[in-house]
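Undergrad: Next up is a structure, given as C-alpha cells.
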Amino acid sequence: MVAKEEITISEAEAALYDRQIRLWGLEAQKRLRAARVLLIGLGGLGAEIAKNLTLSGIKSLTLLDHNVAVANSANFLVPRELVGKNVVEASLERVQRLNPMVEVVADQENVSTKNEDFFSGFDVVCATRLAVEESFRINSICRKHSIPFYSGDVFGFTGFFFVDLLEHEYAEEVNVAAPAANDACSLKTKADQSETKTIKHILNYIPLQAAFEADAAAQLNKRSWQRIKSHFIMMKSLLMFRSQMKRDPEVANRQSDIAKLCEIRDHIQHEMKLDNQIIDSGAYEVVFGELSPGAAVVGGVLAQEIIKAVSHKDAPIRNHFFFNGATDFNGVVEAIGF
Amino acid sequence: MADAAQSNLGDLIKKSKILVVGAGGIGCELLKNLVLSSFNDILVIDLDTIDVSNLNRQFLFQKEHVGKSKAVVARESALGFNPDVTIIAKHDSVMSSEYNVNFFKQFTIVMNALDNRAARSHVNRMCLAANVPLIESGTAGYLGQVTVIKKGLSECYDCNPKAGQKSFPGCTIRNTPSEPIHCIVWAKHLFNQLFGEADPDEDVSPDTADPEAAGDAGSVALESKSDDAGNVTRTSTRAWAQQSEYDPSKLFGKFFCDDIKYLLSMDKLWAKRTPPNPLSWDQLSDEAFGNQEGIIKDQRVWSLSECAEVMAASVKTLYQQFKDLKGEGSFLVWDKDDEASMDFVTACANLRACVFSIPRKSRFDVKAMAGNIIPAIATTNAVIAGLIVFEAFKILEDKWEDCRHVYLNSKPNALNKVIAPSSLDSANPKCYVCSHQPEVTVLLNVSQMTVQSFEEKVLRGALHMISPDVMVDDGKGTVLISSEEGETTENMPKLLSDFNVSDGSRLRCEDFHQEYDLNITIAHRDQLEDNREFSIIADPAQLQPKAAMESSGPQPSTSSSSVPSSSTPITESVDMDDDLDVVFQKGVENDQSPQESSNRKRSITDQAETGSASKKARLSQTESDIIEL
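In order, the protein sequences belong to chains A and B.
For the first sequence, full-length UniProt numbering assigns the number 1 to the initial residue and increments by one for each residue that follows.
For the second sequence, full-length UniProt numbering assigns the number 1 to the initial residue and increments by one for each residue that follows.
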C-alpha cells in the first residue's frame with residue numbers, strides 16, 4: 001500500500017497536473033505521487049502503460065524486460081537507431097522525457113531471476129508478455145506482500161487484462177439531495193446544488209491462476225457467458241499457445257499457427273464440455289503482431305485502472321477486461337472465477 | 001505494424017491520405033497510432049500553441065516546447081516514432097479560406113480531434129460538401145466517444161440538436177444572483193466593462209427593467225439616472241472609472257456598496273429572497289477559512305480583506321496594461337491564464353458572492369467555471385485515439401456496416417461494457433445542414449436586430465457560417481449581406497425591418513466557402529423568453545403559435561432549437577479540451593421531450609463525472625436496450 005509519509009504537491013506540479021487534479025482531486029494526486037510501479041514487458045502495450053502512468057505523475061516506474069528492441073514494433077519509445085539494444089535501455093530516455101518528475105528505473109534482467117524481495121519494493125506490479133505460469137508465480141508473490149497485480153496482452157486487433165487487487169477498499173462519491181445553501185459569508189462552504197457524500201466499499205479478488213483455471217461457462221450466468229465466451233476462449237488459447245510454443249503467433253507461420261491455435265481451442269472446449277464451436281479459425285486471422293491502436297485501447301483502460309486502484313477512488317474493474325477491434329468492437333468487463 | 005493487419009488492409013493504409021484536425025489531447029495520441037500503423041501520408045493542422053497544462057497528456061510535447069506550434073512539434077515528435085512517413089504540419093485554422101472543398105477532397109479520411117463546436121461544425125460541412133468520410137471524436141474527463149460521419153449514410157454533426165452553452169437571464173446576473181456562477185459571469189462582465197470590449201448585453205449595474213421589480217423602476221434612483229432602456233450608467237462605466245484613474249476604493253464603493261444599496265431599494269426583489277448586504281471598503285473581515293493547510297495555493301478560499309487586496313492589485317495591473325495598449329479602441333481580452341485577469345475575476349466574484357450570501361470559491365474553482373475548463377487525462381485520449389483508428393480501418397475496407405458510434409464509459413454499463421459501440425444513426429431528414437433543402441426558422445425582433453448582429457450572432461455565431469451571402473426573398477433580390485468586402489458595409493448598422501424583413505420573410509443564405517445553402521424563415525417576436533435576442537428552430541413543426549410562445553410559459557427551447565442562444569453565455573471564449581461536444585448534450589434541468597429521447601435511444605448516465613464546470617448530463621447508448629444507469 002501507499003506509504004503514509006506526508007506528501008505535498010508543489011506549485012509546479014499543480015500547474016502540470018491541473019487538468020487531472022480537476023478530475024480526480026488533490027488527494028488522489030498525492031496518492032499517485034507516492035506509488036512505485038513495476039512494469040514487466042516493454043512491447044507496444046507496455047509502452048502505452050509506461051506513457052500513461054508516467055504522465056499521471058506516479059513516484060517511480062521500474063521498467064523490467066530482458067528482450068531486445070525489434071524493428072516495426074508498436075513500442076514508440078524505441079528510437080530506430082537503438083533497435084537491437086535491450087528494449088528497456090532503448091526506451092528509457094523517451095519515458096523519462098515524458099515527465100522529469102517521475103523516477104524512471106531501467107532493469108534489463110530476466111524477470112525469472114527476480115526473487116521475492118525484489119517485488120516487495122513496489123506498490124503495484126503490472127506484467128505483459130509473460131508466460132501465464134510466470135504470471136501465476138509473480139501474482140502469488142504479490143499476494144504475500146499485499147501488492148496489487150495486473151497482467152495483460154495485446155495480440156493484433158485483440159487484447160485483454162486481468163486484475164488482482166486482493167482485498168481492495170475504495171471511496172465513491174455519490175450525489176445526495178441538495179440542502180438549501182444560503183448563509184455563505186459564514187465560514188462553511190456548501191456545495192452549489194447538491195452535496196456529495198463519500199461511500200466506502202470493499203471488493204475481494206482472486207489470484208490469476210484460480211481465474212484462469214475456472215470453468216467460466218459453468219460459473220457465469222448465461223447472458224454473461226454469451227457476452228464474453230469468444231473473448232474468453234480467445235484469451236485462453238492465445239496464452240496457452242504462448243506457453244506451449246514459447247513464442248507468440250507469427251506472420252511467417254500464419255497457417256500453421258492458426259492450426260495450432262484451433263487445436264488448443266478444441267482442447268479448451270473439450271475440457272469445458274462445450275459442444276458448439278465458439279470461435280472459428282477466421283477469428284485467429286487478426287491476432288498477429290501487436291497493433292498500435294489495440295495497444296492504445298487496452299493500455300489506456302489498464303493504466304486508468306492502476307490509477308484508480310492507487311488512488312482508492314471509484315470502483316475498479318473486477319477482474320477481466322476484453323477488447324476486440326475486429327469483431328464486436330466491445331470493451332467488456334467480467335468477473336471470472338468467483 | 002503491417003504484421004498485424006491483413007495485407008489488403010496494409011495496402012489500403014499505405015495508399016490513404018489522412019487529415020488530422022487538431023494536435024491536442026486526442027491529436028497527439030492519434031498521430032502516434034497512425035504513424036505506427038504505417039499511415040504514411042498525413043496532414044495535421046492546429047492553430048494552437050503549447051501550454052504547460054497540456055503536458056500531462058499531450059505527450060508529444062515537453063516543457064521546452066511551451067509556446068511553440070502544436071502542429072509543428074507534434075509532427076517532429078511523431079516522425080521520431082516512424083521516420084519513413086510523410087507528415088505535413090500546418091500552424092493554422094482549419095476554418096481559413098485556404099482550406100476549401102477541393103482541399104478536403106484530396107483526403108481519404110478526415111479525423112477530427114477538435115476542442116470546439118464551431119470548428120467541428122465547419123469541418124462537418126466541408127466533409128459533406130467534399131463527400132469525404134469524417135471520424136469525429138471527443139473526450140471529457142473519463143468519458144469519450146468516436147463516431148463516423150458519411151454523407152447519405154449516417155447522421156452528420158449537426159443532425160442532433162446540441163444544447164447551447166448554459167446561459168443566464170440578464171436580471172439574474174445583474175440583480176438577483178443565487179449561485180457562484182452568477183457572480184463569476186458578472187465579474188467577467190465587469191472586466192469587459194472596465195478593460196475589455198464593452199458589450200451592452202453585459203451591463204453590470206442594477207437592471208431597473210427587471211420585470212420582477214416592475215413599478216420600482218426609476219422611483220428610487222440614487223445618484224445615477226436611468227436611461228430609456230432602464231439601465232443605470234449604461235455607457236459610462238468605463239468613463240466613470242477613468243475619471244478616478246481606476247481608484248480601487250471608488251470602484252469597490254460603486255460595485256459592492258452603492259449599486260447594492262440601489263438594488264435593496266428595489267424591494268419587490270427581496271420579498272422572498274435574502275436581501276444583499278453592501279460591503280464597506282474599510283471594514284472587511286480578514287477571517288480565514290477553516291483549516292486550509294496542505295492544499296495548493298489556488299485551492300484556498302480568500303478572506304474578504306484578501307479579496308479586496310487582490311482586487312486592488314489586479315485593477316492596478318490591468319489599468320496599466322490597458323493604458324499601455326496602442327491605438328484607439330484597443331482593449332484587453334479576458335484570459336483565464338493571465339494572472340491579473342484571473343485574480344480580478346476571482347476577487348470580484350467572491351466579493352459579490354459575499355454580498356448575496358452565496359458560498360465563496362477558490363481561485364482554482366473560479367478558474368474552472370470562468371474558463372470553462374473541461375478536465376482531461378491521458379488515458380481517455382489514448383483509448384479514443386485507438387478507437388478512431390479502428391473505425392478508419394473499417395472505412396478503408398469499405399465495411400460501412402461495421403462502423404460504430406463508440407462510447408467510452410467511466411465504469412461498465414449495465415451490459416458490462418466500458419467501451420460500448422452502437423450502430424450509426426441515420427441522418428435527420430430535417431437537419432439544417434445535411435438534408436436535401438436545409439431550412440431553419442429564426443425567432444427574433446426584426447425592429448431590434450441589426451444586420452450586423454444577424455450576421456455575427458445568428459449566422460456566424462450560432463449557425464457556424466464563415467462567409468455568408470444573404471438575399472431577401474422579396475422578388476427584388478435585395479442583398480442584405482455580401483461576403484465581398486465592403487459591398488454591404490452600409491447595411492450593417494441598419495435594422496432588419498429597414499429591409500422590409502418581417503414575420504414570415506424568407507432569407508436565402510449561401511456560404512460559398514462551405515458550399516452550404518440555407519433558407520431561413522424569420523418569425524418575428526416582440527420579446528423572447530429570458531430576454532434572448534434570437535432563437536433557432538430547426539424543425540418548423542416545433543414552432544409554437546405566437547401567443548403560446550409569448551405567454552412567458554417555459555419555452556421548450558432545448559428540444560426544438562438546435563442552437564439556443566442568449567445574451568449571457570457563461571463564457572465567450574470556450575476553452576474545452578477535446579470537449580465531449582459531439583455528445584448530444586442537454587442541460588440537466590431542461591428535459592428533452594420524451595418523444596425525442598426515445599427516438600434517439602439514449603439515456604442519462606455518468607452525471608457525476610463531468611465535473612463542476614460542465615454541468616452536463618452524459619447521454620449514452622447501448623446496442624439494443626435503453627438502460628438508465
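Every residue, glycine too, gets a C-beta built ideally from N, C-alpha and C.
Bear in mind the structure is a predicted one, so any value in this text is a computation, not a measurement.
1) On the three-pair Cβ rule with 8 Å, is the stretch 495–508 of chain B touching the stretch 126–133 of chain B?
2) Mind checking whether residue 327 of chain A and residue 283 of chain A have CB atoms under 9 Å apart?
3) In chain order, which continuous runs of the beta strand (DSSP E) of length 3 or greater are located wholly inside the stretch 116–198 of chain B?
4) Under the rule that 16 or more other beta-carbon atoms within 10 Å means buried, what is residue 252 of chain A, buried or exposed?
5) Tell me which residues share the same chain as residue 236 of chain A and place their Cβ nearer than 6 Å to its Cβ, disregarding the 5 neighbours each side in the sequence.
6) Tell me which residues of the stretch 227–243 of chain A have at least one Cβ-Cβ distance to chain B shorter than 9 Å, keeping chain order.
7) Fully enclosed by the stretch 373–432 of chain B, which alpha helix (DSSP H) runs are 4 residues long or longer?
8) Mind checking which residues open and close the alpha helix (DSSP H) that includes residue 465 of chain B?
9) Taking a contact to mean a Cβ-Cβ separation below 9 Å, would you say residue 25 of chain B touches residue 139 of chain B in this structure?
10) For residue 357 of chain B versus residue 274 of chain B, is the C-beta spacing smaller than 9 Å?
11) By the three-class DSSP mapping on this structure, what secondary structure does residue 608 of chain B have?
12) For the alpha helix (DSSP H) that residue 299 of chain A lies in, which residues bound it at each end?
13) Short check: CB of residue 23 of chain A to CB of residue 142 of chain B, under 9 Å?
14) For residue 164 of chain A, go through chain B and note every residue whose CB falls closer than 9 Å to its CB, in chain order.
15) For residue 119 of chain B, which option in B:535, B:21, B:299 has the closest C-alpha, if you only look at C-alpha atoms?
16) Using a cut-off of 7 Å between C-beta atoms, extract the partners of residue 424 of chain B located in chain A.
17) With a Cβ-Cβ cutoff of 9 Å, do residue 351 of chain B and residue 307 of chain B count as a contact?
18) On the premise that residue 504 of chain B lies in contact with residue 520 of chain B, defined as a C-beta separation below 8 Å, what is that separation, rounded to the nearest angstrom?
19) What residue range is occupied by the uninterrupted alpha helix (DSSP H) comprising residue 253 of chain B?
20) At 7 Å on the CB atoms, spell out the chain D contacts of residue 97 of chain A, in chain order.
21) Determine, for residue 161 of chain A, whether the minimum Cβ-Cβ distance to residues of chain B falls below 9 Å.
22) Per DSSP, residue 40 of chain A is paired with what?
23) At a Cβ cut of 9 Å, what residues of the stretch 198–215 of chain A count as close to chain B, listed as they run along the chain?
24) So what's residue 14 of chain B in DSSP terms, helix, strand or just coil?
25) State the DSSP-derived secondary structure class of residue 262 of chain A, mapped to helix, strand or coil.
26) State the Cα-Cα distance for the pair residue 148 of chain B and residue 155 of chain B, rounded to the nearest angstrom.
27) If you measure beta-carbon to beta-carbon, which residues of the stretch 36–70 of chain B are closer than 7 Å to chain A?
28) Anyone know if the C-beta pair for residue 108 of chain B and residue 14 of chain B falls short of 9 Å?
29) Listing by chain order, which chain A residues have their CB less than 8 Å from the CB of residue 33 of chain B?
30) How long is the line joining the alpha carbons of residue 15 of chain A and residue 296 of chain B, rounded to whole angstroms?
31) What are the boundary residues of the beta strand (DSSP E) that residue 520 of chain B is part of?
32) Going by DSSP, what residue range makes up the alpha helix (DSSP H) through residue 95 of chain A?
33) Find out if the Cβ-Cβ distance for the pair residue 87 of chain A, residue 72 of chain A is shorter than 9 Å.
34) DSSP has residue 39 of chain B in a bridge; who is on the other side?
35) In whole angstroms, give me the CA-to-CA distance for residue 555 of chain B and residue 187 of chain B.
36) Let me know the secondary structure DSSP gives residue 145 of chain A once reduced to three states.
TA: Based on what the coordinates show:
1) no
2) Your numbering for residue 327 of chain A matches position 327 in the first sequence. Your numbering for residue 283 of chain A matches position 283 in the first sequence. Contact flag set, yes.
3) 134–140, 143–149
4) Along the first sequence, read from residue 1 onward, the residue named residue 252 of chain A stands at position 252. The residue in question, residue 252 of chain A, is exposed, as its Cβ has fewer than 16 Cβ neighbours within 10 Å.
5) Taking the first sequence and counting its residues from 1, the one referred to as residue 236 of chain A is at position 236. 268.
6) 227, 228
7) 378–396
8) Locating residue 465 of chain B in the second sequence gives position 465, where the first residue counts as 1. Here residue 465 of chain B belongs to no alpha helix (DSSP H), and DSSP marks it neither H nor E.
9) As a working note, residue 25 of chain B is residue 25 in the second sequence. As a working note, residue 139 of chain B is residue 139 in the second sequence. Yes, these two residues count as a Cβ contact at 9 Å.
10) Within the second sequence, residue 357 of chain B is the residue found at index 357, counting from 1. Within the second sequence, residue 274 of chain B is the residue found at index 274, counting from 1. Yes, they are a contact pair.
11) To locate residue 608 of chain B, count along the second sequence from 1; it is residue 608. In this predicted model, residue 608 of chain B has a pLDDT of only 30, less than 50, meaning its place in the structure is not dependable enough to derive any value.
12) On the first sequence, position 299 is the one that residue 299 of chain A refers to. 292–311 is the span of the alpha helix (DSSP H), which, as asked, contains residue 299 of chain A.
13) Sequence index remark: in the first sequence, residue 23 of chain A carries index 23 (1-based). Sequence index remark: in the second sequence, residue 142 of chain B carries index 142 (1-based). Yes. Within cutoff.
14) Within the first sequence, residue 164 of chain A is the residue found at index 164, counting from 1. Going along chain B, no residue has its Cβ under 9 Å from residue 164 of chain A, so there is no contact; the nearest lies around 18 Å.
15) Taking the second sequence and counting its residues from 1, one reaches residue 119 of chain B at position 119. Closest option to residue 119 of chain B, Cα to Cα, is B:21.
16) Along the second sequence, read from residue 1 onward, the residue named residue 424 of chain B stands at position 424. None at all; the shortest Cβ gap to chain A is about 12 Å.
17) Residue numbering aside, residue 351 of chain B sits at position 351 when the second sequence is read from its first letter. Residue numbering aside, residue 307 of chain B sits at position 307 when the second sequence is read from its first letter. Result yes, Cβ atoms of residue 351 of chain B and residue 307 of chain B sit closer than 9 Å.
18) The count along the second sequence starts at 1 and reaches residue 520 of chain B at position 520. The count along the second sequence starts at 1 and reaches residue 504 of chain B at position 504. The Cβ separation is near 11 Å, so there is no contact.
19) By one-based count along the second sequence, residue 253 of chain B stands at place 253. Per DSSP, residue 253 of chain B belongs to the alpha helix (DSSP H) from 248–253.
20) Within the model displayed, chain D is absent; protein chains A and B are what it includes.
21) If you number the first sequence from 1, residue 161 of chain A lands on position 161. Chain B, which has no Cβ nearer than 9 Å to the Cβ of residue 161 of chain A, makes this no.
22) Within the first sequence, numbered from 1, the residue matching residue 40 of chain A stands at position 40. DSSP output for residue 40 of chain A lists A:64, A:127 as bridge partner(s).
23) none
24) Here the question's residue 14 of chain B lines up with position 14 in the second sequence. In the structure shown, residue 14 of chain B sits in a helix (DSSP, three-state: H, G or I).
25) Along the first sequence, read from residue 1 onward, the residue named residue 262 of chain A stands at position 262. Helix.
26) As a working mapping, residue 148 of chain B is identified with position 148 in the second sequence. As a working mapping, residue 155 of chain B is identified with position 155 in the second sequence. Their Cα atoms are separated by approximately 9 Å.
27) 36, 37, 52, 53, 55, 56, 57, 59, 62
28) One-based indexing of the second sequence puts residue 108 of chain B at position 108. One-based indexing of the second sequence puts residue 14 of chain B at position 14. No, the pair does not count as a contact, with Cβ atoms beyond the cut-off.
29) Here residue 33 of chain B refers to the residue found at position 33 when the second sequence is read from its first residue. By Cβ distance, chain A contributes 292, 293, 296.
30) Your numbering for residue 15 of chain A matches position 15 in the first sequence. Your numbering for residue 296 of chain B matches position 296 in the second sequence. Computed Cα separation, rounded: 10 Å.
31) Position 520 of the second sequence holds residue 520 of chain B. Segment 516–524, the beta strand (DSSP E) holding residue 520 of chain B.
32) Here residue 95 of chain A is taken as the residue at index 95 of the first sequence, counted from 1. Here the alpha helix (DSSP H) through residue 95 of chain A covers 87–98.
33) Taking the first residue of the first sequence as 1, we reach residue 87 of chain A at position 87. Taking the first residue of the first sequence as 1, we reach residue 72 of chain A at position 72. No, they are not a contact pair.
34) Counting from 1 along the second sequence, the entry for residue 39 of chain B is found at position 39. The partner list for residue 39 of chain B (beta bridge, DSSP) is empty, contrary to what the question assumes.
35) Taking the first residue of the second sequence as position 1, residue 555 of chain B is located at position 555. Taking the first residue of the second sequence as position 1, residue 187 of chain B is located at position 187. Residue placement at residue 555 of chain B is flagged as unreliable, the pLDDT there being 34, under the threshold of 50; a coordinate-derived value is accordingly withheld.
36) Mapped onto the first sequence, residue 145 of chain A falls at position 145. Residue 145 of chain A: coil per DSSP, three-state reduction.
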